[in-house]
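A.B. asks: Protein chains in written order, with our numbering: chain A, 1 to 581; chain B, 1001 to 1581; chain C, 2001 to 2292; chain D, 3001 to 3292.
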Amino acid sequence: MEPVREFVIGISGESGEGVVLAGEILTIAAARMNIHSSSFRTFPAEARGGPSVVRLRLCRDHVYSLGDAYDVLIAFNEEAYQLHGPALGRHGVLVVDGDPEKPMSTRYPELADRTVYHIPMDRIARKDVGEPKTKNMVALGATSALFGFSREILERLLAEKFTKRGEKMMRDNLNAFMAGYDYADSQIEKQDPFEVEALEGDGFFVLAGNEAVALGALYAGCRFFAGYPITPASEIMEVLAAELPKVGGAMVQAEDEIASMGMVLGGGFAGVRSMTATSGPGLSLMAELIGLGSMAEIPCVIANVQRGGPSTGLPTKTEQADLTLAIAASHGDAPHVVLAATTIRDCFEIMEEAFEIAERYQIPVIVLTDQALGFRRADLPKSLLRERTGRALPPAPPDIVDKARYLRYQLTQDGVSPRSVPGQPGLAHVVTGLEHNEEGKPAYDPKTRRLMMEKRQRKLEGIARDYGSVLRYGDPEPEIGVIGWGSTGGPIREAVQMACDSGIKAAGLVPRLLYPSPNHLIRPFIESCKKIVVIEGNLTGQYAAFLRSQFPGFDPKQVNLYDGLPVQRGDVLRAIQEVAK
Amino acid sequence: MEPVREFVIGISGESGEGVVLAGEILTIAAARMNIHSSSFRTFPAEARGGPSVVRLRLCRDHVYSLGDAYDVLIAFNEEAYQLHGPALGRHGVLVVDGDPEKPMSTRYPELADRTVYHIPMDRIARKDVGEPKTKNMVALGATSALFGFSREILERLLAEKFTKRGEKMMRDNLNAFMAGYDYADSQIEKQDPFEVEALEGDGFFVLAGNEAVALGALYAGCRFFAGYPITPASEIMEVLAAELPKVGGAMVQAEDEIASMGMVLGGGFAGVRSMTATSGPGLSLMAELIGLGSMAEIPCVIANVQRGGPSTGLPTKTEQADLTLAIAASHGDAPHVVLAATTIRDCFEIMEEAFEIAERYQIPVIVLTDQALGFRRADLPKSLLRERTGRALPPAPPDIVDKARYLRYQLTQDGVSPRSVPGQPGLAHVVTGLEHNEEGKPAYDPKTRRLMMEKRQRKLEGIARDYGSVLRYGDPEPEIGVIGWGSTGGPIREAVQMACDSGIKAAGLVPRLLYPSPNHLIRPFIESCKKIVVIEGNLTGQYAAFLRSQFPGFDPKQVNLYDGLPVQRGDVLRAIQEVAK
Amino acid sequence: MNPTAPAQASTAERKPSDYRSGRKPVWCPGCGDYGVLNSVFSALAEVRIDPDRLVVVSGIGCSSRMPGFIKAYGFHGAHGRAVPVAVGVKAANPSLDVLLVGGDGDAFSIGGGHLPHVARRNMDLTYVVMDNEIYGLTKGQTSPTSQPGTVTKASPYGSSEQPILPVMLLLAYGATFVARGYSSRPKELAVMVERGIRHKGFSFIHVLSPCLTFNKPVNFDYFDSKVLPLPEDHKPDDLFGAMKLASDPDKLYLGVHYEVDRPSFTERLYPGGVRPDPEPAIDTEALIRRYS
Amino acid sequence: MNPTAPAQASTAERKPSDYRSGRKPVWCPGCGDYGVLNSVFSALAEVRIDPDRLVVVSGIGCSSRMPGFIKAYGFHGAHGRAVPVAVGVKAANPSLDVLLVGGDGDAFSIGGGHLPHVARRNMDLTYVVMDNEIYGLTKGQTSPTSQPGTVTKASPYGSSEQPILPVMLLLAYGATFVARGYSSRPKELAVMVERGIRHKGFSFIHVLSPCLTFNKPVNFDYFDSKVLPLPEDHKPDDLFGAMKLASDPDKLYLGVHYEVDRPSFTERLYPGGVRPDPEPAIDTEALIRRYS
Ligand SMILES: Cc1ncc(C[n+]2csc(CCOP(=O)(O)OP(=O)(O)O)c2C)c(N)n1
Ligand SMILES: Cc1ncc(C[n+]2csc(CCOP(=O)(O)OP(=O)(O)O)c2C)c(N)n1
Ligand code: SF4
Ligand code: SF4
Ligand SMILES: [Mg+2]
Ligand SMILES: [Mg+2]
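#1: Which runs of the alpha helix (DSSP H) fall wholly inside the region 2015 to 2083 of chain C and span at least 4 residues, in chain order?
#2: So, with DSSP's three-state summary, where would you put glutamine 1371 of chain B?
#3: Just confirm the distance between the C-beta atoms of threonine 3145 of chain D and phenylalanine 3108 of chain D, as a whole number of angstroms; I'd bet it's less than 8 Å.
#4: Note down, in chain order, every chain D residue with its Cβ under 9 Å from the Cβ of methionine 2130 of chain C.
#5: For ligand 1, I want to know if threonine 2213 of chain C counts as a neighbour, meaning its beta carbon is within less than 7 Å of at least one of the ligand's heavy atoms.
#6: Verify whether the separation of the beta carbon atoms of valine 2129 of chain C and histidine 2206 of chain C is less than 8 Å.
#7: Count Cβ pairs between the region 343 to 352 of chain A and the region 175 to 184 of chain A that sit closer than 8 Å; are there 3 or more?
#8: Under 9 Å, CB to CB, which of the residues in the region 407 to 427 of chain A have a partner in chain D?
#9: Please name the residues in the region 3179 to 3207 of chain D whose beta-carbon is closer than 8 Å to at least one beta-carbon of chain E, in chain order.
#10: With a threshold of 8 Å between beta carbons, is methionine 137 of chain A in contact with chain D?
#11: Contact criterion: CB-CB distance below 8 Å. Does histidine 3079 of chain D meet it with respect to chain B?
#12: Taking just the CA atoms, how far does leucine 157 of chain A sit from proline 381 of chain A?
#13: Suppose only complete runs of 3+ residues qualify. What are the beta strand (DSSP E) ranges in the region 1450 to 1478 of chain B, listed by chain order?
#14: So which residues on chain D does proline 1310 of chain B lean against when the C-beta distance must stay under 7 Å?
#15: With DSSP as the reference, identify every bridge partner of cysteine 59 of chain A, one or two as the case may be.
#16: Under 7 Å from any heavy atom of ligand 5, does the C-beta of leucine 256 of chain A make it?
#17: Confirm, please, whether the CB-CB distance from threonine 3176 of chain D to glycine 3196 of chain D is below 8 Å.
#18: Residues in its own chain within less than 7 Å of leucine 1021 of chain B by CB, not counting five upstream and five downstream?
#19: Please determine if the region 3226 to 3234 of chain D and the region 3060 to 3078 of chain D are in contact, where contact requires at least 3 C-beta pairs separated by less than 8 Å.
#20: Secondary structure at methionine 251 of chain A, three-state DSSP: helix, strand or coil?
#21: When the Cα atoms are used, what is the spatial distance from arginine 1659 of chain B to proline 2084 of chain C?
#22: Going by DSSP, which residues form a beta bridge with proline 511 of chain A?
#23: State the Cα-Cα distance for the pair histidine 962 of chain B and isoleucine 366 of chain A, rounded to the nearest angstrom.
#24: What does arginine 3023 of chain D touch in chain A if you count any residue whose Cβ is under 7 Å from its own?
#25: Against chain A, with Cβ distances strictly below 8 Å, would histidine 1331 of chain B count as a contact?
#26: Is the shortest distance between the beta-carbon of isoleucine 1028 of chain B and the beta-carbons of chain C less than 8 Å?
#27: Within the 8 Å Cβ cut-off, does glutamate 1387 of chain B reach chain A?
#28: Beta-carbon of asparagine 1538 of chain B versus every beta-carbon of chain A: anything under 8 Å?
#29: Counting C-beta neighbours from all protein chains within 10 Å, is the total for histidine 1520 of chain B 16 or more, i.e. buried, or is it exposed?
#30: Return the Cβ separation of glycine 537 of chain A and glutamate 319 of chain A in integer angstroms, given the expectation that the two are a contact with Cβ distance under 8 Å.
#31: Name the residues in the region 259 to 272 of chain A whose C-beta lies less than 9 Å from a C-beta of chain D; which are they?
#32: So is the beta-carbon of glycine 2030 of chain C under 7 Å away from any non-hydrogen atom of ligand 1?
#33: Return the chain-ordered ranges of every beta strand (DSSP E) run that is complete within the region 3150 to 3218 of chain D and spans a minimum of 3 residues.
What follows is the structure, encoded as structure tokens:
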């Protein structure tokens, strides 16, 4: 049997059973073996318990989505199989807690022609290890043995992981791992083709999207963060809470999101790269102050990790439905910027762009990600960090000969005015959310008003021109185009490839800068496709509506998913096939 | 000389000089004479002083805009003429404080071929009346005499106005009025054609847009108001603060706009028709809770009196730039409704619709007006109030036989579920901003999620169908169509008429329901016109962008005004002529 | 809150279980909020509140899920906005009884700006705040009541901020009833909630209610070591005495710290505290006169 | 605020007029805020604050226009958000001196939720609140400090709510410096502002500053009849003494009611209270280890 090196593992159980930990360890083990991966955990909405599952896709190249069905499902108990079994592929393998004497296939006819390995996880943990809580390590051991994970690497990993948790904890978990490993190794006859293989390299590091946003900000020179906890964005704050003080920066947990946003404006005004992170409800609350940032022209970055809305909605599930608000944010015509990260790596890299735009154009920048990105983990090359210093130069004072004639809001061709920051001598000025003249003094006359509105708006032209990046995949002369944004980018990339492989002339377009819209890059794509699908994770087709407002005559087919689950490459592929019919 | 019965008077001076009071009295005098009017006052942005002007347009029929140039300008001093003189029409008349011996025309050549009446207002007030502060009454008297206002009606009005201010105040002001009247009557030889004439009728009453919104709400059965002061919306709160307690209702001045909105949700949940009123910054702050209202399906009404944005912007000037936010309000897909009042009368009537939609569809309704409507006054027929009782029946308990099976969020065809309110026995339920099942219990499974999202969204179809009202003016087979919304409606109505009169086949369309969009009513108009202009008082063309998103292929010419001044019929006419070229 | 229902409606006897909604609480085993819920049931039964006229309002948080478990009208709203919603319910329809419940983050952090105003208005509401000194629902970040040094993922080096003193704050705000209870003393707590409900105007009950999942150090043992009864000689109308007792962060006195009589919001708003019925008609002619 | 600039930068002598921006205040003639502005000028000169390192932050209101009149970096922000903006400025760059100014509505109504937190953090800021017991800029509606019975267009039957007591609130919040001044005693006020600026951590100065245009009854005569000096024997570290003095709405004591020493925010955040210079490099290898 030819080994299959790329496959998807699901690890499932009750949330108290250590599913997540087992998944994390396996992910890191893969990274150390130079195996690329993409992994995701769902967790229950209430604080206490409920079913939990980790999906781990393993590949020889970097991947952009979570794949489709499970090839291997590890079930910590029968209920977990009942819940996740339907997602097990036609040729999938089940590893389940249980007695080989009482095979599952007798109770579940759909298992009759599938490989099932029964591992008495619970019994081993209880009897052999003497600690029922180590069931997950038994499962981890068995999984490692069955699918080719390096025992050595895993043992080292476990040792590192548990070293701070005390002697007994460490011993029990290692014992459990080994017991599981040995059981599978000795008692189970492998009948499936799924097997990983270590590759050459110095290994990867693995980040979830939220961690990537946080480290991206850190390496983009962000030195001030203010935020308020909210699922699924809190990790960004938590990572920066640990890291910022190490580099002379500061993080403040604010009393609410309005305060966070106010603090970020203060930090930006003070000349320090500043950001906040939140999710839908927080973004709603920040709308007013985003407008102040636009009017007073203060650099700042807001990461919004979308979750199911509206209101409290589906706080632990994903959606792409904050786009309209992100673009509209604030009453009045308040120019600002909306970027959307498409992959985990992009979560890191887009922060550099966000801070650069914010600084250069003195404007608030919203970065959209979502729960599906924020909680998905992927491997990243270590060079990503090593090639950066992560320092941002403090803003230099504007080069002005006659300081008495310094105009903070000078009318310029690109709308960008000279800007000093507190501490720079002789360049003091007052910013205000009132309409103002070039000096910054409140002014309400119609002419000043018109000129200032136009000045601020002009910045968007430069931004669309200089930062208008779109990702394009697939056939250079497509019949069918798919447009999406944010976390849908990865699935689109893979689905377009699959469609092309199946003979459909398909292409994908995924803009990273959503507003101002880089129409000069989108238009050629639209014009080059016979039919276009816009697929997004919301009910009303927010980006499709936006694109229609930009391109008169543009009337794409819309595919909208709004059930709390991420858009998958299968969804995209189906949409392409549908249109291709 | 044929008398001209329809003309525009401007009254101008320093804001301490009683310009506004004089204007108000003249407006009411006209109403008592059964003369229709439209009037507007601008006032300075800072609390203290600055120039002030009242524009009063007088007509034999109801009018929908403020007209164009001044036909008559009353200037309380020379500076006022310098400021407002440029807006005086070619054949305009100037009435100015000053000595006839030192005629203005010697200093201002443009006055050479215009009629100028010099009235020594200041001198009369100071010398003859002995109270310099009565200068405005001297001006009022002279104006009345010169342009045919009824001396009797004005004297009665002044008596009513000053009766509460004490004996001396009353006497001084009446004396000043009479002195001004007598001076003009005896010393000035009338050389202009402008003269009003009393008509038959029982008189009008006069409301500013803000007052009309407040009374409209009151007569729509609103019995609870919560709000936070903000220019230019505070008057709505102030009127209701006075009126609600008289009818057993309540008004609460909240600690901020988030609290206002929360209170309104509480009131709506309690079964009482509830509203708030605010302007841009407040609307931004309310975004989150509007989403809660949408999700929990709570009737509520938010009047947003737009002012110049973004941020604090131009707090005392007008703009139509909160539309995008009003439609987007809240993260997630949060169905709610946006109406825009087009005239003063509409400010009253639209509130009835707003409350009806809110109640019937259990949904938040945003009503957009703006400073230009809020502060403009117009005559209204007394029957408008007399034909209404202003009572709203309390919501009846849903007609449910088996109360145990009452489902607050029952899935229905039109998306509207049975709704009980606290106090109704056996029908208790819990509403939540979390996604929930039919019973109202939090539920996150994909199927429930999909069904509930669709249910809430379905309400919009019914609303667009049942409440989709658009105003249409002008040629039935137009070459040129003008689309606008809100306060632009009046100017469009008049400009279209003027264009038609000049031989241009023009028509206007002014939707009152902006979201959900009554596309079935808009489409025929769009299709019937050769060319279309969308004119609005904002920079980015917010409604034009929205319409483009609704009608693929729709690519109108956009005319945008964003200098803080209201869109005038002259602006609309110019736009039509431009396109007609 | 000064309940209106018993006066107007049934005075039928009620059992605590009458107020169970039948939905199973979603809290972790051992969570302090179970005890609070039981005390609330008992208090409601004791006052014989009519469940059909009761509205339970909350924000967002573990503790804010409580309305779902009570048989009554309920409003599980937005984070930090329980107070305004409750004010709206009561101001719009004063014949309803309104109970407010929620957590320390909801009440003192994002919702903290509403507290001075609901207190000074003496709104006829009872507010039960379940204080676990942590954000439970979001998996453990410091709240305004967290002790200095609290280590969470968002305060990995230990929080350095001085916690607020809830009882002190409410006293300073002019609340007319301020008490502190403890979820592991459910009977005592029930009596406090009952007294709060019977109190005219705004009553505030600060309840120690540990989160065993995300704030392990602040558990029942911890609270047990800090609670003590109010001194015998403390008079409930002694504001400064109450403030002194509230100022010691290491002594958590249990009981009704403060109670005074002051006209309540609905009393001042509506003659007799109830909306006139039938509703007076609009005086249309007076309005026309005013504007013409 | 504990000024950093003099220590680091110039100690040149300064005149109050050095801080005039040259913009003419837009206030009504006779507005109390003129006096406050002059006191601020004097205090800044006295401490020799470097105008280039000073940031004056405000919200929205008549009083909040003040930054425009001061020669310094200024941030005239959004209604109620002066505190968060100032916190951001100071936390991000602790070597700046940050002065907060604004009105009673801005500070206690829409912005009231930020106060407990800036106080308990002991943020190195000085906050001067100009209290005219009214919303001036929006032409006269009641504020949280308005007296019961205040008639405005929005309270035509007289407001019925009990006003907050600003000094009491800040004491309850744990502010480390709380004072009250009066705009018609500019010298006394200047000294208070100066002391507030020199104070380490958060200092709060409640200033009586009448609005003659929209709150005519609360004019200079009114305040003159209510102000009095702090009792001679009042000790500035006597919290309960200060609270007692703060609790009498009819006696408006002038002076520094409370002053204690507690580590300030930037002291706790940054070693030595200043950002390290040069900035420590990111330890990339440690980060890679953490995530692999
Ligand atoms: C506007 C907004 N910000 C943040 C959140 C996330 N959030 C939900 S509950 C919560 C705090 C809960 O703490 P607490 O009120 O103390 O309740 P507990 O869970 O401890 O009972 C937060 C921050 C939210 N739902 N909405
Ligand atoms: C979000 C928001 N709500 C309301 C307003 C309107 N507003 C401006 S200033 C102000 C109150 C001013 O009162 P105060 O802070 O006491 O300052 P004062 O004018 O009395 O000095 C209000 C309500 C606003 N600008 N923004
Ligand atoms: S997380 Fe804490 S507060 Fe929430 S239910 Fe569990 S124990 Fe209770
Ligand atoms: S309105 Fe009042 S507060 Fe505002 S400037 Fe005038 S006097 Fe001062
Ligand atoms: Mg808590
Ligand atoms: Mg004030």
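C-beta: ideal position from N, C-alpha, C; glycine also.
C.D. replies: Reading from the atomic positions:
#1: 2033 to 2047
#2: Stepping through the second sequence from its first residue, residue 1371 of chain B is reached at position 371. Note: glutamine 1371 of chain B maps to helix in three-state DSSP.
#3: The residue you call residue 3145 of chain D lines up with position 145 of the fourth sequence. The residue you call residue 3108 of chain D lines up with position 108 of the fourth sequence. Confirmed, Cβ separation roughly 7 Å.
#4: On the third sequence, residue 2130 of chain C is found 130 positions in, with the first residue counted as 1. Near methionine 2130 of chain C there are no residues of chain D at all, since even the closest Cβ is about 19 Å away, more than 9 Å.
#5: Here residue 2213 of chain C refers to the residue found at position 213 when the third sequence is read from its first residue. Threonine 2213 of chain C Cβ: outside cutoff for every heavy atom of ligand 1.
#6: One-based indexing of the third sequence puts residue 2129 of chain C at position 129. One-based indexing of the third sequence puts residue 2206 of chain C at position 206. Yes, the Cβ-Cβ distance between valine 2129 of chain C and histidine 2206 of chain C is below 8 Å.
#7: no
#8: Ser420, Val421, Pro422, Gly423, Gln424, Pro425, Gly426 and Leu427
#9: Considering every chain present, this structure includes no chain E. Its protein chains are A, B, C and D.
#10: Counting from 1 along the first sequence, the entry for residue 137 of chain A is found at position 137. Not closer than 8 Å to any Cβ of chain D, the Cβ of methionine 137 of chain A fails to qualify, so no.
#11: If you number the fourth sequence from 1, residue 3079 of chain D lands on position 79. For histidine 3079 of chain D, the answer is yes, since a Cβ of chain B falls inside 8 Å of its Cβ.
#12: Here residue 381 of chain A corresponds to residue number 381 of the first sequence, with the count starting at 1. Here residue 157 of chain A corresponds to residue number 157 of the first sequence, with the count starting at 1. Their backbone Cα atoms lie some 19 Å apart in a straight line.
#13: 1470 to 1474
#14: Within the second sequence, residue 1310 of chain B is the residue found at index 310, counting from 1. Ordered by position in chain D, no residue passes the 7 Å Cβ test against proline 1310 of chain B, which lies about 11 Å from the chain.
#15: Mapped onto the first sequence, residue 59 of chain A falls at position 59. Partner(s): A/His36.
#16: Position 256 of the first sequence, counted from the start, is the residue given in the question as residue 256 of chain A. Checking the sequence shown, residue 256 of chain A turns out to be aspartate, not leucine. No.
#17: Here the question's residue 3196 of chain D lines up with position 196 in the fourth sequence. Here the question's residue 3176 of chain D lines up with position 176 in the fourth sequence. In this structure, threonine 3176 of chain D does not lie closer than 8 Å to glycine 3196 of chain D by Cβ.
#18: For this step, residue 1021 of chain B is matched to residue 21 along the second sequence. Closer than 7 Å at Cβ, skipping near neighbours: Asn1136.
#19: no
#20: As a working mapping, residue 251 of chain A is identified with position 251 in the first sequence. Three-state DSSP puts methionine 251 of chain A in a strand.
#21: Since the first and last residues shown for chain B are 1001 and 1581, residue 1659 of chain B lies out of range.
#22: Stepping through the first sequence from its first residue, residue 511 of chain A is reached at position 511. A/Val470.
#23: Shown here, chain B extends from 1001 to 1581; a query on residue 962 of chain B therefore has no answer.
#24: Position 23 of the fourth sequence, counted from the start, is the residue given in the question as residue 3023 of chain D. Neighbours of arginine 3023 of chain D on chain A, chain order: Lys441.
#25: Looking up residue 1331 of chain B in the second sequence gives position 331. So yes, histidine 1331 of chain B belongs to the interface.
#26: Position 28 of the second sequence, counted from the start, is the residue given in the question as residue 1028 of chain B. Judged by the 8 Å Cβ criterion, isoleucine 1028 of chain B is in contact with chain C.
#27: Within the second sequence, the letter at position 387 stands for residue 1387 of chain B. Cβ-Cβ to chain A under 8 Å: no for glutamate 1387 of chain B.
#28: The residue labelled residue 1538 of chain B in the question sits at position 538 within the second sequence. Output row for asparagine 1538 of chain B: interface = yes.
#29: Looking up residue 1520 of chain B in the second sequence gives position 520. The residue in question, histidine 1520 of chain B, is exposed, as its Cβ has fewer than 16 Cβ neighbours within 10 Å.
#30: Here residue 537 of chain A corresponds to residue number 537 of the first sequence, with the count starting at 1. Here residue 319 of chain A corresponds to residue number 319 of the first sequence, with the count starting at 1. So it is a contact: roughly 5 Å between Cβ atoms.
#31: Ala259, Ser260, Met261, Gly262, Met263, Val264, Leu265, Gly266, Gly267, Gly268, Phe269, Ala270, Gly271 and Val272
#32: In the third sequence, counting from the first residue as 1, residue 2030 of chain C sits at position 30. No; taking the cut-off as 7 Å, the Cβ of glycine 2030 of chain C has no heavy atom of ligand 1 nearer than that.
#33: 3177 to 3182 and 3203 to 3208
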